[in-house]
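Comments concern the structure below.
Protein chains in written order, with this note's numbering: chain A, 1 to 208; chain B, 1 to 208.
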C-alpha cells in the first residue's frame, strides 16, 4: 500500500471563461489562482470582495497609494478600501502591462460608443456572477484590468492599445483573505483594448 | 427710486474652510462654486453626489475614461459612476496640476504612516459633512484631489510633491445636476502633499 500522505494533490484543471463572459471564484486565504491569457490579446477585468463582508473590496486607489505606482508588479500586495491586504500578485509571466485607471465597461459605455446598450459588458458580467452567489455590490469598484495596455503619455494623456502579451502568459494572484474573486473576459470590440477580438481566457486554482 | 431689476445680485461672500476640516454645499444645476487655494499650498479633496440619489456620484475612473487623461483640464466634464455629467471644471487659474489617482486619507492611512489613527482625515471630514445632511455614502468614492501634485514618472511611478499653485489660485466647478459637493482641506502633514502645513481654503458660490 502506497503512503499518499505526502503526495501532491492532483493538479486542478483550468476552467475556461468564454469570450465576453464572467466567472466568480470563492477562494480561501493562501489559495492562488492563475489567470491565463490563452490568446495573448485578452483583457481580464478582475475584482475581489471579502467573503465575510463584500462592502470591503479590492480598491485600485488605495492600492496605488500603497504602491506609489499606477500599476502593480509581481510581489505587490493589493489593498482593500479599508487598506488591508486582500491579494498579492505573486507571479507574472507577461510583460507586466496592466491597468488600474479605466472603469469597467458597462451599458452606458456601449450606448455612448456605438448606440448599443445591449452589448455584453464587464459590469453586467460582474453583477450576474455576484447574483449567482446571492451577493449584491453596493457600488461597482474600479477593476484591476489584467493585461490591459493603457499608455500614460506626456501630460497624463491616456492611450488604449492592444495587449502586449504572448499566448499563455499568466498572472498568479494569492488570496490574503477568504474572498470572492470575479473575472470578466472583457467584451470590448469597439476600441482596441482586446485587439478588437474578444477571446476566451482560463483560470486555474493552484491551491495553497 | 432706483430700478434694481437688472442689477447684479450682491456678491456672494466666500466661506472659509478651516485647515483640516470639511464642508458640504448643496448646489442647484448650473450653479458654480469657486474653490480658492488661499495659501497656494493646500489640497482640497472634493466629492459630488447627486441630490436625488447619492448612490450616483462623481467617479474618477469613469471621468478618466471619458477624458482619456489622468487629470482634468479646464472645460472637462466630470462623470458619475453611471457616466452622466455631474460637474464641469469651467475655469482654472492654477497651473492645472490636480490628482485623480490617490485615495482620500483616512484613519488607516495615519495608523500606517505614523501610528496615529486619531489624526484628522478627509474621509472622516466627508462622512461628518454627509451625516449633517442625513446622508450616508455606501462607500467612499475616489476623490478629485484639487491642486494635488502627484507626478506620474517612468514606469507609472507616482511621486507626491507639494502643490505648485500661487496664493489665490482657484478652480470653478459648475454643477450639471442638483448635487451635494463636499470639500475637505486635507489634513495630511506627514507626506508633503500640502507642503507639510495644512491651511485654510475658501469656497465661493458664484450663482448660475
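For each residue, glycine too, the CB sits at the ideal point set by N, CA and C.
Collapsed DSSP secondary structure at residue i in the structure displayed
i	result
residue 58/A	strand
residue 122/A	helix
residue 154/B	helix
residue 46/B	strand
residue 164/B	coil
residue 18/B	coil
residue 63/B	helix
residue 188/B	coil
residue 175/A	strand
residue 113/A	helix
residue 130/A	helix
residue 104/A	coil
residue 33/A	strand
residue 140/B	coil
residue 13/B	coil
residue 194/A	helix
residue 24/B	strand
residue 2/B	Residue placement at residue 2/B is poorly supported in this model, since its pLDDT is 45, which falls under 50; the coordinates still yield a value, given next. Three-state DSSP puts residue 2/B in coil, outside helix and strand.
C-alpha distance - residue i paired with residue j, whole-angstrom precision
i	j	result
residue 160/A	residue 60/B	17 Å
residue 200/A	residue 29/A	27 Å
residue 135/A	residue 121/B	31 Å
residue 187/B	residue 21/B	7 Å
residue 193/A	residue 18/B	45 Å
residue 35/B	residue 146/B	9 Å
residue 117/A	residue 190/A	13 Å
residue 69/A	residue 153/B	9 Å
residue 195/A	residue 162/A	5 Å
residue 130/B	residue 158/A	33 Å
residue 198/A	residue 26/A	25 Å
residue 126/B	residue 56/B	16 Å
residue 64/A	residue 207/A	27 Å
residue 91/A	residue 99/B	30 Å
residue 128/A	residue 51/B	28 Å
residue 172/B	residue 54/B	22 Å
residue 114/B	residue 67/A	17 Å
residue 184/A	residue 39/A	15 Å
residue 81/A	residue 58/B	17 Å
residue 166/B	residue 41/B	8 Å
residue 14/B	residue 169/B	14 Å
residue 202/A	residue 164/A	18 Å
residue 37/A	residue 94/A	9 Å
residue 150/B	residue 204/B	26 Å
residue 180/B	residue 62/A	24 Å
residue 111/A	residue 119/B	44 Å
residue 156/A	residue 155/B	13 Å
residue 97/B	residue 97/A	26 Å
residue 148/A	residue 31/A	24 Å
residue 23/B	residue 109/B	21 Å
residue 2/B	residue 12/B	Low confidence applies here, because residue 2/B scores a pLDDT of 45, under 50, leaving its location unreliable; read the following figure in that light. About 22 Å.
residue 4/A	residue 182/A	At residue 4/A, the pLDDT of 47 sits below 50, so the modelled position is not reliable and the matter cannot be decided from this model.
residue 33/B	residue 83/A	32 Å
residue 71/A	residue 144/B	19 Å
Chain-ordered neighbours of residue i on chain D, where CB pairs are closer than 7 Å
i	result
residue 13/A	In the structure shown, chain D cannot be found, because the protein chains are A and B.
Any non-hydrogen atom of the ligand ZN within 7 Å of residue i CB
i	result
residue 91/A	In the structure on display, the ligand ZN does not appear, and there are no ligands present to speak of.
- Task: Indicate whether the contact test is met: 3 or more Cβ pairs, each with one atom in the segment 164-182 of chain B and one in the segment 79-96 of chain B, closer than 8 Å.
- Result: yes
- Query: Any chance the segment 70-80 of chain B sits against the segment 104-119 of chain B, with 3 or more Cβ pairs inside 8 Å?
  - Reply: no
- Runs of alpha helix (DSSP H) lying entirely within the segment 72-97 of chain B, each at least 4 residues, in chain order: none
- Task: With 7 Å as the C-beta to C-beta threshold (strictly closer), list the residues of the segment 174-196 of chain B near chain A in chain order.
- Result: none
- Item | Positions along the segment 97-117 of chain B whose CB lies within less than 7 Å of some CB in chain A | 101, 102, 103, 108, 109, 112
- Message: Can you confirm whether the segment 123-141 of chain A touches the segment 38-51 of chain A when touching is taken to mean that 3 or more C-beta pairs between the two stretches lie within less than 8 Å?
- Response: yes
- Query: Using a beta-carbon distance cut-off of less than 7 Å, what residues from the segment 73-91 of chain A approach chain B?
  - Reply: 81, 82, 83
- Give the residues from the segment 151-164 of chain A that approach chain B closer than 8 Å (Cβ to any Cβ), ordered along the chain. 152, 155, 156, 157, 158, 159, 160
- chain A contacts made by the segment 23-57 of chain B, where a contact means CB separation under 9 Å: 55, 57
- Task: May I ask you to list, following chain order, the residues of the segment 62-73 of chain B that have a beta carbon less than 7 Å from some beta carbon of chain A?
- Result: 62, 64, 65, 68, 69, 70, 71
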